[in-house]
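**Student:**
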Amino acid sequence: MDKRRSETSSRLVTTSAQAAHNFEVTDFSLLEGMGAGRYVSSRAFTAGGRAWNIRVYPDGWKEEDKAAHASVLLCFVGGAKDARTKFSLELQEKDGEVSDLQVQDTTTMTSHTFGTPGATFPKFVEKSKLKPLLRLNGDGFTIRCVLIVVGESKYEDVGAMAFPPSDIHQHFEHMLKDGRGADVALDVDGQLFRAHRCVLAARSPVFAAELFGPMKETKDTEPIKVDDMEPCVFEELLHFMYTDRISDDKRECGDATPVVAADRYGLDRLRLMCEAKLCRGIDARTVATTLALAEQHRCARLKDACLAFVASRDMLGAVMETDGFKHLAASCPLVLVEILDRIVKGKSQ
1 MDKRRSETSS RLVTTSAQAA HNFEVTDFSL LEGMGAGRYV SSRAFTAGGR AWNIRVYPDG
61 WKEEDKAAHA SVLLCFVGGA KDARTKFSLE LQEKDGEVSD LQVQDTTTMT SHTFGTPGAT
121 FPKFVEKSKL KPLLRLNGDG FTIRCVLIVV GESKYEDVGA MAFPPSDIHQ HFEHMLKDGR
181 GADVALDVDG QLFRAHRCVL AARSPVFAAE LFGPMKETKD TEPIKVDDME PCVFEELLHF
241 MYTDRISDDK RECGDATPVV AADRYGLDRL RLMCEAKLCR GIDARTVATT LALAEQHRCA
301 RLKDACLAFV ASRDMLGAVM ETDGFKHLAA SCPLVLVEIL DRIVKGKSQ
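Every letter in the sequence shown is one number past the one before it in the numbering used here, and letter 186, counting from 1, is 186.
1) The alpha helix (DSSP H) spanning residue 265 covers which residue range?
2) Please name the residue in 303, 231, 190 and 42 whose C-alpha comes closest to that of residue 26.
3) Looking at C-beta atoms only, is the number of pairs between the segment 122-130 and the segment 62-77 that lie closer than 8 Å three or more?
4) Tell me whether residue 77 sits in a helix, a strand or coil according to DSSP, three-state version.
5) Which residues mark the beginning and the end of the alpha helix (DSSP H) in which residue 324 is found?
6) Label residue 48 either buried or exposed according to how many other C-beta atoms from any shown protein chain fall within 10 Å of its C-beta, with 16 as the threshold for buried.
7) DSSP has residue 144 in a bridge; who is on the other side?
8) Here's the rule I'm using: 16 or more other beta-carbon atoms within 10 Å means buried, otherwise exposed. How should residue 204 be labelled?
9) Check for me: the beta strand (DSSP E) holding residue 57 runs from which residue to which?
10) Would you identify the three-state DSSP class for residue 304, choosing helix, strand or coil?
11) Express the C-alpha separation of residue 247 and residue 167 in angstroms, rounding to a whole number.
12) Based on DSSP bridge pairs, tell me the residues matched to residue 12.
13) DSSP three-state label for residue 317, please.
14) Tell me where the alpha helix (DSSP H) around residue 66 begins and ends.
15) Let me check one thing: in DSSP terms, what residues is residue 194 bridge-paired to?
16) Flag residue 289 as yes if its beta-carbon sits less than 8 Å from any beta-carbon of chain C, otherwise no.
17) So, are the CB atoms of residue 293 and residue 279 less than 8 Å apart?
18) Enumerate in chain order the residues of its own chain whose CB-to-CB distance from residue 245 is below 8 Å, with the five nearest sequence positions on each side excluded.
19) Closest by CA to residue 121, which one among 93, 62 and 164?
20) Tell whether a beta-carbon distance below 8 Å holds between residue 194 and residue 182.
21) Suppose the cutoff is 8 Å on Cβ atoms and the five residues either side in sequence are ignored; what does the same chain contact list for residue 151 look like?
22) Under 8 Å, do residue 80 and residue 55 count as touching if we go by C-beta distance?
23) So the beta strand (DSSP E) residue 125 belongs to, where does it begin and stop?
24) Would you call the segment 268-282 and the segment 218-233 in contact, with 3 or more CB pairs under 8 Å?
25) With a threshold of 6 Å on Cβ separation, who are the neighbours of residue 332 within its own chain once the five nearest residues in sequence on each side are excluded?
26) Go ahead and label residue 324 buried or exposed: buried means 16 or more other beta carbons lie within 10 angstroms of its beta carbon, across all protein chains shown.
27) Look at the Cβ atom of residue 318, then the Cβ atom of residue 288, and state whether they are nearer than 8 Å.
28) Measuring alpha carbon to alpha carbon, tell me which residue in 221, 10 and 113 is nearest residue 197.
29) Under 8 Å, do residue 274 and residue 290 count as touching if we go by C-beta distance?
30) Tell me the residue span of the alpha helix (DSSP H) that contains residue 207.
31) Beta strand (DSSP E) containing residue 47: first to last residue?
32) Alpha carbon to alpha carbon, how far is residue 12 from residue 342? Give it in angstroms, no decimals.
33) Would you call residue 214 buried or exposed, if buried means 16 or more other Cβ atoms sit within 10 Å of its Cβ?
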């Protein structure tokens, strides 16, 4: 009798697509009174080849919710139906902290199949409890949706080799920190930074010209002078060139200065990443300064976000009182025409 045992294994793998969308609702007090069943909605966002938006009903989804609750609907707006999903909806304060005011708990992942128009939460938040939050957050709040679309399941050979994620950025970061093999020094306001010519030239067309091209001015043994830049900004620049990531360190140079440095050295990805971060932090105190920065350094998305902020919230008076507006008027006078044009267009719609 053959005592050998037949033993096999298999693994079931389920694919998925994930998206996150932040819907900021401003001037909420002006939306109250529009009536039960009426809503304002976010722009559509996509995941798994399908589209959704977030709808907020300031006076409730149905008449019985009008006085007591604001309702929320995660609405399916396009693509193949019968999408199996998991999602969460969070009521957030201005600083991104999750509010504890929600009546219906949607902060944990909820399963839902979107064969119907959407997932409705009639008692999302009590309006009486929402008022203190609105007072502290400039009459607004943010609803954050994290959505996972569950895809197909398939079997996979267990014997297939799994590869670890790439860690090349960690090796380059260590090489920068320990200075091993560094062959160029850069003098930034009296502080010396050691780096590798080949890395700088590969990442930046400006450094490529300075180190190997006709712009080369210094001998290989002399430090390269970097003018008009703070050491902390240049350190952030080096970190990005070696790791392709923005540092997690909390620096004192501010979010705007890396945009200037990125533009100077042709690092478009860094400029766009900083631009996105600045878009999330726009307020009445900083919008004028940020708009001037966007105009001077070709940040189209940031400029559009600043113009939309001033025009949509009727904040021009408050913005004009800031020092940043004086700087904007002096350095970019044509932008003032664009602000007024955006406000006029907004009022005519």
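Think of the CB as a built atom: it goes at the ideal place given N, C-alpha and C, for glycine as much as any other residue.
**Tutor:** Checking against the coordinates, here is how it stands:
1) It is not in any alpha helix (DSSP H) - residue 265 carries neither H nor E in the DSSP assignment.
2) 42
3) yes
4) strand
5) 323-331
6) buried
7) 22 and 90
8) buried
9) 50-57
10) helix
11) 16 Å
12) 155
13) helix
14) No alpha helix (DSSP H) contains residue 66, which DSSP labels as neither H nor E.
15) 185
16) Among the chains of the structure shown, chain C does not appear; only one protein chain is present.
17) no
18) 169 and 239
19) 62
20) yes
21) 14, 15, 16, 17 and 48
22) no
23) 118-126
24) no
25) 292 and 295
26) buried
27) no
28) 221
29) no
30) 205-212
31) 45-47
32) 54 Å
33) exposed
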